[in-house]
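Q: Just so you know, the sequence shown maps onto residues 1337 to 1621 in the working numbering. All residues carry an ideal CB built from backbone N, CA and C; glycine is no exception. Since we're looking at a predicted model, the values are computed, not measured.
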Amino acid sequence: MNNVFVYCEIEDGHVAEVSLELLTKGRSLANQLKCELEAIAIGNKLGDIAKQVIPYGVDTLYLADDKRLYPYQTLPHTSILVNLFKEEQPQIALMGASSIGRDLGPRVSSALHSGLTADCTSLKIGDHFDKKADKKYENLLYQIRPAFGGNIIATIINPDCRPQMATVREGVMKKEILDPKYKGKVVDLDVSKYVSDSDFVVEIIERHMEKSKLNIKGSPIIVAGGYGVGSKENFKLLYDLAEVLGGEVGASRAAIDAGYVEHERQIGQTGLTVRPKLYIACGIS
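1) Name, in chain order, the residues that DSSP records as bridge partners for Tyr1473.
2) I'd like to know whether the C-beta atoms of Leu1622 and Arg1601 end up nearer to each other than 8 Å.
3) Can you tell me which of the three DSSP states Leu1577 falls into?
4) Got a sec, what are the start and stop residues for the beta strand (DSSP E) Thr1453 sits in?
5) With H, G and I counted as helix, E and B as strand and the rest as coil, what does DSSP make of Glu1357?
6) What residue range is occupied by the uninterrupted alpha helix (DSSP H) comprising Gly1349?
7) Kindly list the residues whose CB is nearer than 8 Å to the CB of Thr1491, restricted to its own chain and excluding five residues on each side of it in sequence; keep chain order.
8) Three Cβ pairs or more, each shorter than 8 Å: is that satisfied between the region 1437-1448 and the region 1469-1476?
9) Check whether the region 1557-1564 touches the region 1416-1435, taking contact to mean three or more Cβ pairs, one atom from each stretch, closer than 8 Å.
10) Measuring straight from C-alpha to C-alpha, what distance separates Pro1412 and Ile1513?
11) Could you tell me how far apart the beta carbons of Thr1410 and Ala1454 are, in whole angstroms, since I believe they sit closer than 8 Å?
12) Using CA coordinates, which residue listed in Ile1541, Met1501, Lys1568 and Ile1616 is at the minimum distance from Gly1437?
13) As a quick exercise: from Ser1555, Gln1368 and Ile1385, pick the residue whose alpha carbon is nearest that of Gln1427.
14) Rank Leu1405, Gly1607, Leu1382 and Tyr1575 by C-alpha distance to the C-alpha of Ile1592 and give the top, closest one.
15) Taking the alpha-carbon positions, what's the His1544 to Pro1495 distance?
16) Hey, could you find the ends of the alpha helix (DSSP H) Gly1311 is sitting in?
17) Expressed to the nearest angstrom, what Euclidean distance is found between the alpha-carbon atoms of Val1508 and Glu1424?
18) With a CB to CB cut of under 6 Å and the five nearest residues on each side skipped, what residues in its chain are close to Gly1595?
19) Would you tell me roughly how many angstroms separate the C-alpha atoms of Leu1577 and Glu1345, rounded to the nearest one?
20) In chain order, what are the residue ranges of uninterrupted beta strand (DSSP E) at least 3 long that sit wholly in the region 1512-1548?
21) Run through the region 1591-1615 for me and flag every whole alpha helix (DSSP H) of 4 or more residues, listed as ranges in chain order.
22) When the distance is taken between beta carbons, is Ile1557 closer than 8 Å to Lys1613?
23) Check whether the Cβ atoms of Ile1493 and Pro1482 lie closer than 8 Å to each other.
24) Using C-beta distances below 7 Å, list every residue in its chain close to Val1522, excluding the 5 sequence neighbours before and after it, in chain order.
25) In angstroms, rounded to a whole number, what distance separates the CA positions of Asp1395 and Glu1372?
26) Roughly how many angstroms separate the alpha carbons of Ser1364 and Gly1566, rounded to a whole number?
27) Using alpha carbons as the reference points, say which of Glu1357, Glu1569 and Thr1414 lies closest to Ser1534.
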């Protein structure tokens, strides 16, 4: 009740990196709010998930384990979260700004009439004074994200509705195990209480997943180009340099919009968040 909740994405028995990052941030937020950190994992064969999750400081881990829940489907996952949140009434709910989070988050927030801030790059706890209502709100979640094409950074609050929901982009927060021996409890949910047969009207026959040809986030060296590079042809010089250095090429939004390189290489506030050991910027103001 009134705790911080994190939705953990599961793929092939492993918790997604962005979810582990959110657990670290969620633990920090829970400490500030003097409440507990809770998490939920939905899927099939989740026996090893607790070992991956609880060391990040999770007080309660809810498991919805059913062969029908993997791979991800919108309707059953939405029903489980909505019904669980109605029971537990968290004050904050976080999930990754991944393809799953961007599908699931809006549906859950709409069902709960709570609102959602998407693609956050930072989360903080703070107060807000509403001059019009002459009312002070304490311990709100500051949901911080780029706006207007990345030209400004907006701080968004949700004073009156709960949970305060946000999706967060991968890589903007650091993951850190709190205590390998942290003691948390595991609650196995009775899935039949949270879903109905109508939630399984879609059947996934086969999955085809193409591995990304780029590994910009994992590259220790990035050569980044902006609009100032001037042309698609000039970008070839950056590719040559990156090849010599054993790195990857990144680009600013302006360079992407100009058609110099493909969108997958966009980095920065409106693209991928990167932490290379060496970053070379060319033509970026």
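A: The answer reads as follows:
1) Along the sequence shown, one-based indexing puts residue 1473 at 137. Tyr1473 is bridged to His1464.
2) Since the first residue shown for the chain is 1337 and the last is 1621, residue 1622 is missing from the structure and cannot be characterised.
3) Here residue 1577 refers to the residue found at position 241 of the sequence shown. Of the three classes helix, strand and coil, the one that applies to Leu1577 here is helix, per DSSP.
4) As a first step, residue 1453 must be located in the sequence shown, where it is residue number 117. It spans Leu1452 to Cys1456 - the beta strand (DSSP E) in which Thr1453 sits, taken as one unbroken run.
5) Counting from 1 along the sequence shown, the entry for residue 1357 is found at position 21. Of the three classes helix, strand and coil, the one that applies to Glu1357 here is helix, per DSSP.
6) Looking up residue 1349 in the sequence shown gives position 13. Where Gly1349 is concerned, there is no enclosing alpha helix (DSSP H), given that its DSSP letter is neither H nor E.
7) In the sequence shown, the residue the question calls residue 1491 occupies position 155. Closer than 8 Å at Cβ, skipping near neighbours: Tyr1478, Gln1479 and Ile1480.
8) no
9) no
10) Within the sequence shown, the letter at position 76 stands for residue 1412. Within the sequence shown, the letter at position 177 stands for residue 1513. When rounded, the distance between both Cα atoms is 30 Å.
11) Here the question's residue 1410 lines up with position 74 in the sequence shown. Here the question's residue 1454 lines up with position 118 in the sequence shown. So it is not a contact: roughly 16 Å between Cβ atoms.
12) The count along the sequence shown starts at 1 and reaches residue 1437 at position 101. Ranking the options by Cα distance to Gly1437, first place goes to Met1501.
13) For the purposes of this step, residue 1427 is taken as the residue at position 91 of the sequence shown. The option with the nearest alpha carbon to Gln1427 is Gln1368.
14) Your numbering for residue 1592 matches position 256 in the sequence shown. Taking only the C-alpha atoms, the option nearest Ile1592 is Gly1607.
15) Mapped onto the sequence shown, residue 1544 falls at position 208. Mapped onto the sequence shown, residue 1495 falls at position 159. Their Cα atoms are separated by approximately 42 Å.
16) Not covered by the structure: residue 1311. The range shown for the chain is 1337 to 1621.
17) Residue 1508 sits at position 172 when you count from the first residue of the sequence shown. Residue 1424 sits at position 88 when you count from the first residue of the sequence shown. Roughly 28 Å between the two C-alpha positions.
18) Stepping through the sequence shown from its first residue, residue 1595 is reached at position 259. The answer is none, since no qualifying residue turns up.
19) Counting from 1 along the sequence shown, the entry for residue 1577 is found at position 241. Counting from 1 along the sequence shown, the entry for residue 1345 is found at position 9. Leu1577 and Glu1345: Cα-Cα distance of roughly 37 Å.
20) 1521-1524
21) You should have found no qualifying run.
22) As a working note, residue 1613 is residue 277 in the sequence shown. As a working note, residue 1557 is residue 221 in the sequence shown. The answer is yes: Cβ separation under 8 Å.
23) Numbered from its first residue, the sequence shown carries residue 1493 at position 157. Numbered from its first residue, the sequence shown carries residue 1482 at position 146. Their beta carbons are not under 8 Å apart, which means Ile1493 does not touch Pro1482 by this criterion.
24) Here residue 1522 refers to the residue found at position 186 when the sequence shown is read from its first residue. So the list reads Ala1386, Leu1397 and Leu1399, once near-sequence residues are dropped.
25) Position 59 of the sequence shown, counted from the first residue, corresponds to residue 1395. Position 36 of the sequence shown, counted from the first residue, corresponds to residue 1372. About 6 Å.
26) Within the sequence shown, the letter at position 28 stands for residue 1364. Within the sequence shown, the letter at position 230 stands for residue 1566. Those two C-alpha atoms are separated by around 44 Å.
27) Taking the first residue of the sequence shown as position 1, residue 1534 is located at position 198. Nearest C-alpha to Ser1534: Thr1414.
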